[in-house]
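Read through the structure below, which is laid out as structure tokens, and then see the notes.
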Amino acid sequence: MLIRPKEGILDPQGVAVERALPALGFTGVSRVHVGRLVELDVEDPSQLDELCRTLLSNPLIEDYEILGDVS
Amino acid sequence: MRFGVVQFPGSCDEVDAVLAAERVGEAELLWHRDADLRGVDAVIVPGGFSYGDYLRVGAIARFSPVMESVIRFAQEGGPVLGICNGFQVLCEAGLLPGALLPNTRLRFVCRQADLVVGTANSAWSGDCTTGEILSIPVKHTTGRYYAPEAMLDELEADDRVLVRYANGHNPNGSLRDIAGVVGEGRNVVGLMPHPEHAVDPLTGSVDGLKLFASAASLRV
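Sequence lines, in order, name chains S and R. Heads up, the final residue of the first sequence is numbered 81 in the working numbering, and it's a clean run with no missing numbers. Heads up, the final residue of the second sequence is numbered 239 in the working numbering, and it's a clean run with no missing numbers.
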């Protein structure tokens, strides 16, 4: 599960990373956002959506995406 | 009035909350694994780092046995106060609108703040006057109040802003300077500042006592 701050909400972690980059010589990098990756094995993938909504993310402030082999 | 103060692993302000509540009534601790609220008249969810605040502040604590009972208690109209981490837990539990995000400057802030009372119409602010200034300390890293614009408009229209940081006192980038909010039923409130640390002249202010006294004067 990839969890990221919702578009439009100030993400100070992303801002801090973005500001650090030019000092290291990386230019032209913008719109940095720092999110979270949660890896897990699950027997019943149909639970994943609810699992994301109830615990792994707060839908008010974060978006999530379910990745990987969910067959 | 008998107050119950929830204790999670990682709570750190539960003893101060008990001591503050004891100035206006009786108080006892409620262990997180125990769903029994022992018949208390009001519940305080204190500050700290419940369950280490792993994953996201307040997210795991919200699913503890005691919180399931606190949610029911709140839905039945019982007075509930969330302080700092407790505020975060109540937001995660859906008892209060909005969420708390990392401070704009990503730093821990610990300082005395002036708060302007937004409403005296709640279970925990009846002894205050709207517009009154309270001097209460803040100490947190994740205290930036956030809610979508429409939700903020609704909060203001419904007179549900408990306290705002006074001009120049917003330590964390909270939207519209909001430091605390009131739930729909007006019995549940939450705030980032720590009223339980402002109950004795020795620490510079007794303004925090007003919240506990407001609840103590409720008829239960």
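Note that the Cβ used here is the ideal one computed from N, Cα and C, for glycine as well.
What does DSSP give as the partner residue(s) for Asp196 (chain R) in the beta ladder? Asp196 (chain R) pairs with nothing; no bridge assigned.
At 3 residues or longer, and completely inside the stretch 132 to 197 of chain R: list those beta strand (DSSP E) runs for me, N to C. 152 to 159, 163 to 165 and 180 to 184
For Leu49 (chain R), which option in R:Val24, R:Tyr70 and R:Tyr73 has the closest C-alpha, if you only look at C-alpha atoms? R:Val24
So which residues on chain R does Pro22 (chain S) lean against when the C-beta distance must stay under 9 Å? Leu120, Pro121, Asn122, Thr123, Arg124, Leu125, Arg163 and Gly192
Rounded C-alpha distance that separates Leu58 (chain S) from Phe82 (chain R): 17 Å
Beta-carbon within less than 6 Å of Glu75 (chain S)'s beta-carbon, same chain only, minus the 5 sequence neighbours each way: which residues are those? Leu12
Mind checking if Glu111 (chain R) is an interface residue toward chain S, Cβ cutoff 8 Å exclusive? yes
Other residues of its chain near Ala166 (chain R): CB distance less than 6 Å, five sequence neighbours each side excluded: Pro116 and Gly117
What residue range does the beta strand (DSSP E) around Leu65 (chain S) cover? Where Leu65 (chain S) is concerned, there is no enclosing beta strand (DSSP E), given that its DSSP letter is neither H nor E.
Show which residues of chain S have a CB atom less than 8 Å away from the CB atom of Arg179 (chain R). Those do not exist, as Arg179 (chain R) stays about 16 Å from chain S at its closest Cβ, beyond 8 Å.
Quick test of the definition: if touching needs 3 or more C-beta pairs under 8 Å, does the stretch 211 to 218 of chain R touch the stretch 155 to 173 of chain R? yes
8 Å Cβ cutoff, Ala26 (chain S) in contact with chain R: yes
Going by DSSP, which residues form a beta bridge with Tyr74 (chain S)? S:Ile13
Are there three or more Cβ pairs, one per stretch, closer than 8 Å when the stretch 102 to 110 of chain R is compared with the stretch 62 to 76 of chain R? yes
Through-space distance from Glu173 (chain R) to Val182 (chain R), alpha-carbon basis: 16 Å
Partners in chain S for Ala78 (chain R), counting only beta-carbon separations shorter than 8 Å: Leu65 and Asn68
Proximal chain R residues relative to Ile19 (chain S), where beta-carbon distance stays under 8 Å: Leu120 and Tyr165
Residues in its own chain within less than 7 Å of Gly192 (chain R) by CB, not counting five upstream and five downstream? Asn122, Thr123 and Arg163
Drop a sphere of 10 angstroms on the beta-carbon of Gly189 (chain R), count the other beta-carbons inside from all chains shown, and report buried for 16 or more, exposed for fewer. Reading the sequence as shown, one finds Asn at residue 189 (chain R) and not Gly. The residue is buried, with at least 16 neighbouring Cβ atoms inside 10 Å.
Just the chain S side, please: which residues come within less than 7 Å of Arg75 (chain R) by C-beta, in chain order? Asn68
Over what stretch of residues does the beta strand (DSSP E) that includes Gln26 (chain R) continue unbroken? Arg21 to Gln26
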